[in-house]
Structures are given as structure tokens and as C-alpha cells.
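First up is the structure itself, then whatever we jot down about it.
Numbering (the working numbering), first residue to last: 7 to 582.
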């Protein structure tokens with residue numbers, strides 16, 4: 007089994023032990039698929055205990071798909087074990103395997119009728135079968151606390167729509183009693199009224215929903231309403247407003263929407279799609295609160311109701327990336343409908359993941375293809391530059407960024423990051439005049455950008471150029487980001503290069519507190535300590551820096567300082 011071969015140390019040995027319990031033999035080699043992939047064949051558990059142990063081990067190393075399989079096998083051996091039943095159900099639901107989770111939900115409810123997640127899954131299953139009254143009953147049993155106090159009214163309202171729209175809007179009243187939820191209630195009220203042909207209620211709801219925040223789904227829904235009611239100008243203004251606030255968004259394409267004219271489809275055409283929308287909204291709330299596991303669950307449920315919901319598909323894929331399940335994430339990204347802008351976003355993410363999987367050439371080839379297809383877009387070229395920069399192929403990265411700048415046309419304030427990235431690559435590939443020009447242009451576009459101030463200011467100090475201006479730049483960068491260890495380190499190291507060793511110590515000690523695991527900062531602090539006579543502390547910092555996986559070009563210098571106990575003579579910078 008591939009999983010056993012890819013884990014380290016204790017986890018690998020533990021899986022080997024469980025393999026003996028499950029199959030009577032040691033670990034087997036797999037077919038090269040990623041751990042936990044859908045097409046992996048797992049050894050069968052020989053008992054409830056062996057399946058349970060394998061499930062616990064898989065869950066402990068973050069392989070929830072394998073854990074779900076093993077718990078399911080254990081449950082077959084011990085079908086009345088309520089703990090196994092609940093573990094299997096929860097993981098199957100979280101993995102999006104709702105065909106397995108749905109009957110398990112009914113079994114959980116048979117002994118505990120008030121469990122929220124089984125109630126949701128059972129209700130959604132009833133809705134899929136068209137049993138809307140049953141679905142409403144299940145959703146109505148959800149507790150009136152926590153996230154279920156938000157989810158329950160939304161699901162009940164959409165179940166009522168499915169059953170004929172008796173009291174659907176009134177079901178949302180419970181949300182309006184909680185401060186901050188009025189826009190959510192207004193948005194779903196507008197969607198319900200839109201389906202029901204209540205024009206004024208729909209328009210009022212969309213306006214209320216958009217009065218506080220501009221979400222992609224809110225903009226698409228309201229814009230669709232305007233287009234279908236013959237007001238393309240209002241739709242265009244709304245789209246322009248969103249794109250003005252989110253110039254770098256890859257999940258929204260106003261041209262695509264406007265090209266459909268008055269024949270554009272409603273964002274939510276029916277009750278099942280409404281349930282999916284409610285579940286996706288909960289997933290988004292959970293993700294904003296950094297509850298990614300819960301967000302994954304609700305995004306999976308949304309896709310159960312509506313498999314072609316692009317933003318839910320990308321949400322699932324993004325969370326899979328966070329879990330390190332890159333191959334699965336790539337399959338999810340590529341499942342997005344090709345006409346939706348999220349498909350382009352997904353292809354960029356696929357390339358990034360390929361690079362993480364050490365298929366850099368595959369990543370670059372995919373980005374070249376996308377750049378050719380989207381000749382008016384910068385994203386593929388910028389992503390290509392980012393990958394090449396991470397791989398320290400700086401001259402090639404600068405070329406990719408250069409092509410992106412050429413496509414950008416007249417540069418706007420948000421293009422500062424593109425110039426900054428290109429400048430770094432110019433500097434690292436020994437093209438300082440070009441780098442300096444880009445840094446300065448980036449500052450013209452974004453005068454108080456701390457990263458640019460830091461990089462240019464430090465570079466000037468290191469070269470003995472414009473020292474007064476450079477020092478002010480670094481001081482400004484520290485003022486803007488006083489808790490950024492890298493920027494504080496730049497200020498300290500600039501003072502060191504200027505010969506102010508005591509001043510350097512103050513900043514470098516602070517930088518080491520902010521980023522204690524950074525080898526460069528610890529190395530710099532050691533040099534500063536040595537210059538002020540604190541030799542034993544200097545040696546400690548050099549030893550520490552050497553233990554923190556320094557860059558290859560730092561290693562020899564550190565070894566020399568540790569061996570000799572002193573810093574090689576380096577001239578103090580003077581104005582050129």
C-alpha cells in the first residue's frame with residue numbers, strides 16, 4: 007500500500023503492524039497513486055479491532071479517506087458499534103461520499119434522533135428524492151444554536167420552496183433577528199422571490215444583500231436579475247463596481263455574463279440549487295473563520311445537491327491543497343465547467359500543484375498553453391514567473407514577468423506587485439539597473455509598500471548608494487510593519503553595514519524574537535554580537551543559524567565563523 011511507503015518513521019512502522027492484523031502480511035507496494043486516492047485498493051480488515059486501529063492511524067496522519075475506508079470495514083465486523091458508526095458516517099460525509107453516508111445517517115438517527123449532521127444529510131437525501139415535506143421536517147429538527155441556527159432556517163426555507171413555496175420567505179425571519187445576518191437572509195429571500203416571480207421583493211432583497219458586501223455570488227445573482235429584466239446598463243455598472251474593488255479576481259468575468267444578454271439563466275433556478283447555495287454560504291462562513299474541515303464538509307454537501315457549482319468545487323480543491331492532497335485537488339479543479347472563470351483559476355492552481363509535486367516542466371508547459379489561449383490575460387505568465395522564481399531560475403522568471411508587463415498595458419496601482427517580482431529577479435540575475443528602475447516604478451504606483459521600500463532601501467545601503475534616502479526607506483518600512491522580522495532584520499543589517507553595530511544589535515535582537523527560526527537573521531545577529539565584543543553569544547547564534555537549514559551559499563561562511571570564532575573583515579559602506 008502506497009500510504010505505508012510514504013509516511014516516515016513511527017507512522018510507517020505502525021501501519022506495517024496493522025497490515026499484519028488486516029491481511030496477515032507486511033506492507034504492499036502500490037501502483038504509484040497518491041496516498042488516499044480514490045482508486046487505491048486497501049487491504050481488508052480481518053476484524054473490527056484491526057479496522058479500527060488502521061482507521062485511527064490513518065486519521066492520525068491526516069489520511070481521512072483511508073480512515074473512512076478502514077472504519078467502514080470495521081463496522082461490517084461490528085455493525086452495532088455506535089462509535090464506529092458515527093466515525094464512519096462523519097468521515098464519509100467529510101470526504102463527499104454521500105452515497106455511503108446517507109444510509110449511515112439514518113442508522114445514526116435511529117439511536118440518536120437529534121444529531122445535527124445526520125439530520126442534514128437525511129434531509130438532503132429526502133430532498134434529492136423529491137420528498138420535500140420530509141426534508142423540511144428533518145431540517146426543522148436542527149438545534150437553534152451555533153451554526154445550525156443559521157443553516158436551519160435556510161434549509162427549511164428552500165425545502166418549503168420545493169414543496170410549493172408556502173411560507174418560504176417567512177422561514178427566513180429567524181435570521182433577521184441576529185445582528186449581521188440580515189444580508190444573508192435578504193440574499194436568500196431575493197433568490198426565492200426571483201424563482202417565484204415576485205419582482206419587487208427580489209429586487210429589494212438583492213439591493214439589501216449588496217448594501218454591505220459584494221460577494222461573487224451576490225453580484226452574479228443580482229446582475230442576472232438586472233439582465234433578465236432588461237437593464238443591462240445596471241448589470242454592467244454592478245459588475246464594474248465589483249471588478250473595481252477586486253481587480254485581481256479570477257473568479258468573476260463580467261464580459262462572459264454580459265454576453266448572455268437577457269437570456270442569462272438565474273443563478274439559482276430551483277429548490278435543490280437553493281439548498282446547495284445555502285450550504286455553500288455556510289462553507290464560506292466557516293472558511294473565513296479558518297474552520298477548514300467544517301468548510302470542506304458543507305462544500306461537499308453543496309456539491310451533492312449541485313455537482314456543477316464552480317465556487318464550491320474550487321473551495322473543496324483549495325482545502326484539499328491545504329491538506330496536502332494535491333493530486334485530488336487537481337482532479338477537483340479540472341472538474342469545473344470549462345466556460346466558468348473558475349476553470350482558468352483551477353488550471354493555474356493545477357500548475358502550482360504540479361510544481362509542488364516536482365513536475366516543474368509539466369507546470370511550465372501547462373502555463374504556456376494557458377498563456378497562448380488567454381492572450382489578454384496576465385495570470386498564466388505571472389504564475390510562470392512565480393514558479394521560476396521559487397526555483398531560483400531568475401533570468402527566466404524575469405522574462406515571464408516581462409511578458410506579463412507587456413500585456414498589462416498602462417500600469418495601474420495594483421501592478422506594483424508584478425514590477426516588484428520582476429525587480430527581484432533582475433537583481434538576483436545581476437541586472438541591477440533594470441531592477442532599480444522597477445523598484446522605483448513600483449513605489450510610484452504604491453508609495454508606502456513596505457516590501458518595496460525594504461528591498462530597494464537595503465540594496466542601496468549594501469551598494470553604498472543614496473544612503474540617507476535608503477535609511478529613511480528602511481525606517482519607513484519598519485514603521486509600516488514593525489512586527490515583520492525580515493524587514494526589522496533589513497534595518498538592523500543596514501545599520502551593521504553602515505558601522506552602527508550597537509544600533510544593529512538592537513534591531514537584530516528584535517528581528518530574532520519575531521522570526522526565531524530564520525537562519526539569516528540569527529547569522530546577522532551573531533555578526534553584530536561579535537562586532538560589539540559579545541563573542542560567546544556570537545558563537546551561539548552562528549551555531550543556531552547553522553542548525554536551521556541555511557541557504558547553500560550561507561553554509562561555508564557559517565562554518566568558517568564557527569571554526570575561527572571571528573567575522574571576516576568587511577568594509578563599512580560609504581556613499582558612492
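Backbone N, C-alpha and C define an ideal beta-carbon position, used for all residues, glycine too.
Buried or exposed by the 16-neighbour rule on C-beta atoms within 10 Å, applied to residue i
{"i": "residue 142", "result": "buried"}
{"i": "residue 347", "result": "buried"}
{"i": "residue 559", "result": "exposed"}
{"i": "residue 150", "result": "exposed"}
{"i": "residue 35", "result": "Annotation note: pLDDT 31 at residue 35 (below 50); position unreliable, coordinate value reported separately. Flag for residue 35 reads exposed."}
{"i": "residue 167", "result": "buried"}
{"i": "residue 124", "result": "buried"}
{"i": "residue 388", "result": "buried"}
{"i": "residue 400", "result": "buried"}
{"i": "residue 505", "result": "exposed"}
{"i": "residue 533", "result": "buried"}
{"i": "residue 569", "result": "exposed"}
{"i": "residue 350", "result": "buried"}
{"i": "residue 494", "result": "buried"}
{"i": "residue 116", "result": "exposed"}
{"i": "residue 338", "result": "buried"}
{"i": "residue 154", "result": "buried"}
Closest by C-alpha distance to residue i, when choosing among the options
{"i": "residue 557", "options": "539, 524, 535", "result": "524"}
{"i": "residue 182", "options": "173, 159, 170", "result": "159"}
{"i": "residue 457", "options": "482, 468, 474", "result": "482"}
{"i": "residue 127", "options": "85, 150, 100, 117", "result": "100"}
{"i": "residue 490", "options": "468, 198, 518", "result": "518"}
{"i": "residue 488", "options": "192, 521, 401, 368", "result": "521"}
{"i": "residue 529", "options": "355, 567, 239, 501", "result": "567"}
{"i": "residue 513", "options": "526, 505, 506, 497", "result": "497"}
{"i": "residue 444", "options": "469, 470, 417", "result": "417"}
{"i": "residue 256", "options": "411, 122, 316", "result": "316"}
{"i": "residue 509", "options": "455, 538, 277, 224", "result": "538"}
{"i": "residue 354", "options": "426, 393, 331, 146", "result": "393"}
{"i": "residue 174", "options": "69, 187, 185, 195", "result": "195"}
{"i": "residue 118", "options": "260, 103, 136, 147", "result": "147"}
{"i": "residue 329", "options": "318, 307, 359", "result": "359"}
{"i": "residue 203", "options": "184, 272, 176, 247", "result": "272"}
{"i": "residue 135", "options": "295, 277, 122, 61", "result": "277"}
{"i": "residue 484", "options": "471, 499, 411", "result": "499"}
For residue i, the first and last residue of its enclosing alpha helix (DSSP H)
{"i": "residue 348", "result": "347-362"}
{"i": "residue 298", "result": "298-311"}
{"i": "residue 207", "result": "205-216"}
{"i": "residue 87", "result": "No alpha helix (DSSP H) contains residue 87, which DSSP labels as neither H nor E."}
{"i": "residue 427", "result": "422-434"}
{"i": "residue 182", "result": "179-182"}
{"i": "residue 544", "result": "541-552"}
{"i": "residue 135", "result": "Segment: none, residue 135 is in no alpha helix (DSSP H) and carries neither H nor E."}
{"i": "residue 235", "result": "Premise fails: residue 235 is in no alpha helix (DSSP H) and is neither H nor E."}
{"i": "residue 530", "result": "525-537"}
{"i": "residue 508", "result": "507-520"}
{"i": "residue 497", "result": "491-503"}
{"i": "residue 254", "result": "No alpha helix (DSSP H) holds residue 254; DSSP gives it neither H nor E."}
{"i": "residue 393", "result": "385-396"}
{"i": "residue 274", "result": "No alpha helix (DSSP H) holds residue 274; DSSP gives it neither H nor E."}
Neighbourhood of residue i by C-beta distance below 7 Å, restricted to the same chain and skipping five residues each side
{"i": "residue 92", "result": "114"}
{"i": "residue 419", "result": "451, 452"}
{"i": "residue 441", "result": "429, 432, 433"}
{"i": "residue 344", "result": "none"}
{"i": "residue 224", "result": "193, 215, 216"}
{"i": "residue 479", "result": "459, 462, 463"}
{"i": "residue 551", "result": "525, 528, 529, 532, 564"}
{"i": "residue 208", "result": "196, 199, 200, 231"}
{"i": "residue 109", "result": "none"}
Residues near residue i by beta carbon distance below 8 Å, same chain, minus five either side
{"i": "residue 81", "result": "54, 57, 87, 90, 91, 94"}
{"i": "residue 414", "result": "384, 421, 424"}
{"i": "residue 236", "result": "268"}
{"i": "residue 172", "result": "166"}
{"i": "residue 546", "result": "532"}
Cβ separation of residue i and residue j, assumed to be a contact under 8 Å, to the nearest whole Å
{"i": "residue 407", "j": "residue 428", "result": "4 Å"}
{"i": "residue 244", "j": "residue 229", "result": "5 Å"}
{"i": "residue 238", "j": "residue 263", "result": "Residue 238 to residue 263, Cβ: 10 Å. No contact."}
{"i": "residue 64", "j": "residue 72", "result": "4 Å"}
{"i": "residue 320", "j": "residue 342", "result": "7 Å"}
{"i": "residue 312", "j": "residue 301", "result": "Not really, about 17 Å apart at Cβ, beyond 8 Å."}
{"i": "residue 253", "j": "residue 219", "result": "Going by Cβ atoms, the distance from residue 253 to residue 219 rounds to 17 Å, so no, they are not a contact pair."}
Sequence-distant residues of its chain with Cβ nearer than 6 Å to residue i (five each side left out)
{"i": "residue 476", "result": "463, 466, 467"}
{"i": "residue 327", "result": "335"}
{"i": "residue 304", "result": "285, 288, 289"}
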